[in-house]
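Below is one structure, written out as structure tokens; the observations come after it.
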Amino acid sequence: MLRLQLGPADLCRVRFADRLHPVGTTLLAGQWLRDPTVAAMAPTLAERAAVVESTGAAQAATATLRHLLPARGRLPDFVTPFSGLESVEAGLEAIRATPARRIRAEATAAYAHATVTPLRRRFAAADPEVLDLFSGAVRTWFDAVLAPHWADLVSAYRQQVTCASQRLAQHGLDGLFAGLHPAIRWREPVLEVRTWWDGDLPGTGHGLILLPSPLAGPRPRVLVEPGHPILLVYPTVTGARGAAAGGGSLGRLLGVTRALVLHRLATEGGLTTTVLSRAVGISLSSASEHATALRSAGLVASEREGGAVRHHLTALGAELLRASTGDSTEGWPRPDQAAGWPSVLP
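So the sequence shown is numbered by our numbering: it starts at 6 and just counts up by one.
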């Protein structure tokens, strides 16, 4: 758990990113679209990536990025810079301007549990030729996978910001933080984030920038650099256009939204109806209806906790997820770890 100690100067500067970062979004997408939960949140992009990554220049670009960057977890901070929002080229220029000492430190840390190869060694040494190879791979992958859908991603981002801004206007910072993601919890003056690293950090005094993205991965991402605002990227689902495009075999069987409900319960554990609605990006009544349908099918178990109802994946639900995604469900509950058969709730 990362605990951010936010002071008054940070809380007075809570805001949303002006726009999506093309390079940052590319690297997160390249890392996470293989994950079944993220693929279900952005099915159109996942399907396109699966097609273009198997042929031509995009195949070579994919191989390069997957070799140079961790398959899961935290990316080196220098590959997702604060600057370079304007375009892919601007983001790549910001990466190339990173001091060699910082590249060595962050790349070496990223490779702590990876096999050492000549290419990774040269990348960690800030070799200009390998940095150029990396830049070319990012540019090719963006053009092949994200560029055709960039307008839709930008539109979905604006919708998310609008909804979150309305929560802020109506319910203040408490309401805003409570609605971001189940892995984010506000305990004044500490913002707790279940991310890829643990620790206690003070605010920078430059504020907090929020960035919702369906490509963030299963956990929020946090970038903290002295002299800059804290950047918090948190997972969201795409809008109706993205959801309507597919969602894989499970989406075709159950419907995309119910497939997303199962995925969220698998990755986050037991969730109340309210938290589930926020995690999937649907209304409270819709979350209740989908949970009821899944409970009737034996895929979800529900239990009362005071005035709330908490939902869990059943053994049957876990098996269905495994059958629909193969053996790549690392971190999902095994049948013996899942909840039992559903209880009957009115």
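A virtual CB, placed ideally from N, CA and C, is assigned to each residue, including glycine. Bear in mind the structure is a predicted one, so any value in this text is a computation, not a measurement.
In this structure, Thr279 lies near Leu289, with their beta-carbon atoms less than 8 Å apart.
Scanning its chain for C-beta atoms nearer than 7 Å, with the 5 sequence neighbours on each side dropped, one finds around Ser293 the residues Thr278, in chain order. Of the residues assessed, His118 falls on the exposed side of the cut-off, its CB having fewer than 16 other CB atoms within 10 angstroms. Under the DSSP assignment, Leu228 falls in the beta strand (DSSP E) whose first and last residues are Arg226 to Leu228. Just measuring C-alpha positions, the residue of Arg8, Leu16, Phe21 and Leu9 sitting nearest Gln171 is Phe21. Shortest Cα-Cα distance from Asp40 to any of Leu304, Arg224 and His317 involves Arg224. For Phe182, the enclosing alpha helix (DSSP H) starts and ends at Trp155 to Ala183.
By the Cβ neighbour-count rule, Pro27 is buried, with 16 or more other Cβ atoms within 10 Å of its own.
Counting along the chain, Glu308 sits inside the beta strand (DSSP E) bounded by residues Val305 to Glu310.
Counting along the chain, Asp137 sits inside the alpha helix (DSSP H) bounded by residues Pro133 to Trp146. In the displayed model, Glu324 falls within a helix according to three-state DSSP.
Following the DSSP letters along the chain, one finds Glu91 in no alpha helix (DSSP H), marked with neither H nor E. Straight-line spacing of the CA atoms in Leu206 and Ile214 works out to 16 Å. Residue environment: Thr60 is assigned as exposed (fewer than 16 neighbouring CB atoms within 10 Å of its CB, all protein chains considered). The beta carbon of His154 sits closer than 8 Å to the beta carbons of Thr49, Leu50 and Arg53 from its chain, once the five residues preceding and following it are set aside; these are given in chain order. Residue state for Ala44 is assigned as helix, using DSSP reduced to three classes. Assignment of alpha helix (DSSP H) within the region 268–297, counting only whole runs of 4 or more residues, yields 278–285 in chain order. Per the DSSP secondary-structure output, Tyr239 pairs in a beta bridge with Pro217.
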